[in-house]
Amino acid sequence: SEEGDGSRQRLLLEGHMDVVPVPEGERWICYPFSGELRDGRLYGRGSADAKGSLAAMLEALIAIKQAGLELRDDLILLATFGEERGHIGVQEAIKRGLKADMAVVGEPTSLKVCIADKGVCRIECTALGKAAHAGRPWLGINAIYKMARLVLRLEAFDETILRKREHPLMGNPSLAVTMINGGIQRNMVPDACRIHVDRRIIPGEKLEGVKAEILSIVQELEAKDSDFKAKIEFVYDNPAAETSPKEPIVAFSREAVKAVCGFDPGISGFEANCEMSDLVGYAGIPTVVFGPGNLELAHAANEYVEMDEVLKAARVYALIALKACL
Numbered sequence: 010s011e012e013g014d015g016s017r018q019r020l021l022l023e024g025h026m027d028v029v030p031v032p033e034g035e036r037w038i039c040y041p042f043s044g045e046l047r048d049g050r051l052y053g054r055g056s057a058d059a060k061g062s063l064a065a066m067l068e069a070l071i072a073i074k075q076a077g078l079e080l081r082d083d084l085i086l087l088a089t090f091g092e093e094r095g096h097i098g099v100q101e102a103i104k105r106g107l108k109a110d111m112a113v114v115g116e117p118t119s120l121k122v123c124i125a126d127k128g129v130c131r132i133e134c135t136a137l138g139k140a141a142h143a144g145r146p147w148l149g150i151n152a153i154y155k156m157a158r159l160v161l162r163l164e165a166f167d168e169t170i171l172r173k174r175e176h177p178l179m180g181n182p183s184l185a186v187t188m189i190n191g192g193i194q195r196n197m198v199p200d201a202c203r204i205h206v207d208r209r210i211i212p213g214e215k216l217e218g219v220k221a222e223i224l225s226i227v228q229e230l231e232a233k234d235s236d237f238k239a240k241i242e243f244v245y246d247n248p249a250a251e252t253s254p255k256e257p258i259v260a261f262s263r264e265a266v267k268a269v270c271g272f273d274p275g276i277s278g279f280e281a282n283c284e285m286s287d288l289v290g291y292a293g294i295p296t297v298v299f300g301p302g303n304l305e306l307a308h309a310a311n312e313y314v315e316m317d318e319v320l321k322a323a324r325v326y327a328l329i330a331l332k333a334c335l
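Be aware that the sequence shown starts at 10, since it is given in this note's numbering, and climbs by one per residue.
Below is the structure:
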């Protein structure tokens, strides 16, 4: 980090070092960890999500140092691990007393300034039945049939309730059943069926309310069918976050983008869950998300980042730092 005398305020630049795996058999135009440069694009796993941002932050700090500028306030770079595994790195930093007056999280935003992100709640639901021989299914309780009712009810909840809720920057919340598993033998009535549910949360929705809605749906089915029994486990959650557009970090970021890129980016929402949620929700730090790269390329084959965007992002990060700390 580059530190001033600490008498005024502290700016945090934050990005994650870890990446998601490359699935076996996924087809790339180059080795996924080569960092190959082609036609102005740097290819490789994590190039957009989010090593491009982290490299630009490092370059910004180097430029400030080499320019011999003495900062009035503190400028900190935090490079975390475990973002793709539940944000464990930034959460550990917060537990250890991480403090800042404002923060920029580096993620692929296509050089847009994002002041909100989505939260997430992951749920494991298990329908419990009774095993029996498939030749005499009436002697058992088919857990797959019971789970099918829950899946359809969750689908209806997403389509009729969640899609009517809206945030001006983040759009609608959502719910998706992403995995299902049931039965252990072809000729047995299954006594258990399990699904995994991914619930995306918009600012204004509280985690307690999100969980209560899921439990209410299950209880509704239990009340209608005495044979319906389910176990619900909330596996992971992270709240949605939003920073007021009146916060200084928002103005600093927009002004920096306009100076470097020649346009006012306005304000946008980051359509995924990122470490902004932790910095805002658990540390109370006004935060924006900004960085080079396209979010649609994250976790995808042939992920890349435009080097021109990385260089522009480095200038933007440096200018934000000067506006906040010089």
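Glycine included, every Cβ here is placed at the ideal spot set by N, Cα and C. Note that the coordinates shown come from a computational prediction; the quantities given were computed from them, not determined experimentally.
(request) Pick out whichever of K155, C283, R263, R162 has its Cα sitting closest to the Cα of E222. (result) Counted from its first residue, the sequence shown places residue 222 at position 213. Of K155, C283, R263, R162, the residue nearest in Cα terms is R162.
(message) What does DSSP give as the partner residue(s) for G191 in the beta ladder?
(response) Here the question's residue 191 lines up with position 182 in the sequence shown. C202, per the DSSP bridge assignment.
(message) For the ligand ATP, I want to know if V314 counts as a neighbour, meaning its beta carbon is within less than 7 Å of at least one of the ligand's heavy atoms.
(response) In the structure shown, the ligand ATP is absent, as is every other ligand, since no ligand is present at all.
(message) Quick check: the Cα distance between M66 and N247, rounded to an integer number of angstroms?
(response) Translated into the one-based positions of the sequence shown, residue 66 becomes position 57. Translated into the one-based positions of the sequence shown, residue 247 becomes position 238. One C-alpha to the other measures close to 25 Å.
(message) Is it buried or exposed, V259, if we count other Cβ atoms within 10 angstroms and call 16 or more buried?
(response) Here residue 259 corresponds to residue number 250 of the sequence shown, with the count starting at 1. Classification for V259: buried.
(request) Please state if the CB of G300 and the CB of G128 are separated by a distance shorter than 8 Å. (result) One-based indexing of the sequence shown puts residue 128 at position 119. One-based indexing of the sequence shown puts residue 300 at position 291. Cβ distance not < 8 Å, so G128 and G300 don't count as in contact.
(message) Measuring only the C-alpha atoms, how far is K121 from G192?
(response) As a working mapping, residue 121 is identified with position 112 in the sequence shown. As a working mapping, residue 192 is identified with position 183 in the sequence shown. One C-alpha to the other measures close to 47 Å.
(request) Look up G293 in the DSSP assignment and say whether it is helix, strand or coil. (result) Numbered from 1 along the sequence shown, position 284 holds the residue referred to as residue 293. Here G293 sits in coil by DSSP.
(message) Just to confirm before moving on: does the CB-CB distance between V319 and A157 stay below 8 Å?
(response) By 1-based counting over the sequence shown, the position of residue 319 is 310. By 1-based counting over the sequence shown, the position of residue 157 is 148. No; because the gap between Cβ atoms is not below 8 Å, this pair is not in contact.
(request) Rank V227, I329, C202 by C-alpha distance to the C-alpha of F166 and give the top, closest one. (result) In the sequence shown, counting from the first residue as 1, residue 166 sits at position 157. With distances taken between Cα atoms, F166 lies closest to V227.
(message) Quick check on H25: buried or exposed, where buried means 16 or more other Cβ atoms within 10 Å of its Cβ?
(response) Taking the sequence shown and counting its residues from 1, one reaches residue 25 at position 16. It is buried - the Cβ of H25 has at least 16 other Cβ atoms within 10 Å.
(request) Tell me, to the nearest whole angstrom, how far the beta carbon of I210 is from that of P182; I am working on the premise that it is less than 8 Å. (result) Here the question's residue 210 lines up with position 201 in the sequence shown. Here the question's residue 182 lines up with position 173 in the sequence shown. The Cβ separation is near 6 Å, so the contact holds.
(message) Tell me which residue opens and which closes the alpha helix (DSSP H) that S262 is part of.
(response) Here residue 262 refers to the residue found at position 253 when the sequence shown is read from its first residue. Unbroken alpha helix (DSSP H) run through S262: 257-270.
(message) Quick check: L306 and E280, are their CB atoms within less than 8 Å of each other?
(response) Counting from one through the sequence shown, the residue named residue 306 turns up at place 297. Counting from one through the sequence shown, the residue named residue 280 turns up at place 271. No.
(message) On the DSSP letters alone, give me the boundaries of the alpha helix (DSSP H) that M156 sits inside.
(response) Residue mapping note: residue 156 aligns to position 147 of the sequence shown, counting from 1. 152-169 is the span of the alpha helix (DSSP H), which, as asked, contains M156.
(request) Per DSSP, which residues does D246 bridge with? Please list them. (result) For the purposes of this step, residue 246 is taken as residue 237 along the sequence shown, with counting starting at 1. Answer is C130, bridged to D246.
(request) Please name the residue in M111, V325, D27 whose C-alpha comes closest to that of V297. (result) By 1-based counting over the sequence shown, the position of residue 297 is 288. Checked all of M111, V325, D27; the closest Cα to V297 is M111.
(request) List the endpoints of the continuous beta strand (DSSP E) containing V113. (result) To locate residue 113, count along the sequence shown from 1; it is residue 104. Segment 111-114, the beta strand (DSSP E) holding V113.
(request) Note down, in chain order, each residue of its chain lying with its Cβ closer than 7 Å to the Cβ of C39, except the 5 sequence neighbours on either side. (result) Position 30 of the sequence shown, counted from the first residue, corresponds to residue 39. Contacts found: E45, Y52.
(request) Could you name the residues of the same chain whose beta carbon sits closer than 6 Å to that of A109, not counting the 5 residues immediately before and after it, in chain order? (result) Locating residue 109 in the sequence shown gives position 100, where the first residue counts as 1. Once the five neighbours on either side are set aside, the close Cβ partners of A109 are R19, L21, I294.
(request) Measure the CB-CB distance between G302 and V289 and report whether it falls below 8 Å. (result) Working through the sequence shown from its first residue, we reach residue 302 at position 293. Working through the sequence shown from its first residue, we reach residue 289 at position 280. Result no, Cβ atoms of G302 and V289 do not sit closer than 8 Å.
(request) Evaluate the contact criterion for the region 322-332 versus the region 256-272: three or more CB pairs, one atom per stretch, below 8 Å. (result) yes
(request) Find the nearest neighbour of D48 within the set D317, A327, Y245, judged by alpha-carbon distance. (result) Looking up residue 48 in the sequence shown gives position 39. Out of D317, A327, Y245, D317 has the C-alpha closest to the C-alpha of D48.
(message) Assuming V219 is part of the alpha helix (DSSP H), what are its boundary residues?
(response) Translated into positions along the sequence shown, residue 219 becomes position 210. It spans 216-233 - the alpha helix (DSSP H) in which V219 sits, taken as one unbroken run.
(request) Go to A88, then tell me how far its beta strand (DSSP E) extends in each direction, as first and last residue. (result) As a first step, residue 88 is located in the sequence shown; it is residue number 79 there, counting from the start. Unbroken beta strand (DSSP E) run through A88: 83-89.
(request) Excluding the 5 residues preceding and the 5 following E152 in the sequence, name in chain order all residues of the same chain whose CB lies nearer than 7 Å to its CB. (result) To locate residue 152, count along the sequence shown from 1; it is residue 143. The sequence shown places Ala at residue 152, not Glu. For A152, where only same-chain residues beyond five positions count, the Cβ hits under 7 Å are A136, L137, G138, G191, P199, D200, A201, C202.
(message) Can you tell me which residues form a DSSP beta bridge with S183?
(response) Mapped onto the sequence shown, residue 183 falls at position 174. DSSP output for S183 lists R209 as bridge partner(s).
(message) Quick test of your reading: I73 and A249, contact by CB under 8 Å. State the CB separation rounded to the nearest angstrom.
(response) Counted from its first residue, the sequence shown places residue 73 at position 64. Counted from its first residue, the sequence shown places residue 249 at position 240. Rounded, the Cβ-Cβ distance is 33 Å, inconsistent with contact.
(message) Could you tell me the alpha carbon to alpha carbon distance between Y291 and V219, rounded to whole angstroms?
(response) Position 282 of the sequence shown, counted from the first residue, corresponds to residue 291. Position 210 of the sequence shown, counted from the first residue, corresponds to residue 219. Distance between the alpha carbons of Y291 and V219 is about 18 Å.
(request) Compare the C-alpha of S286 against each of L107, K173, Q100 and name the closest. (result) Start at 1 with the first residue of the sequence shown, and residue 286 comes out as number 277. Comparing Cα positions, the closest option is Q100.
(message) Given this structure, state the Cα-to-Cα distance separating D336 from L159, to the nearest angstrom.
(response) Residue 336 is absent from the structure shown; the chain starts at 10 and stops at 335.
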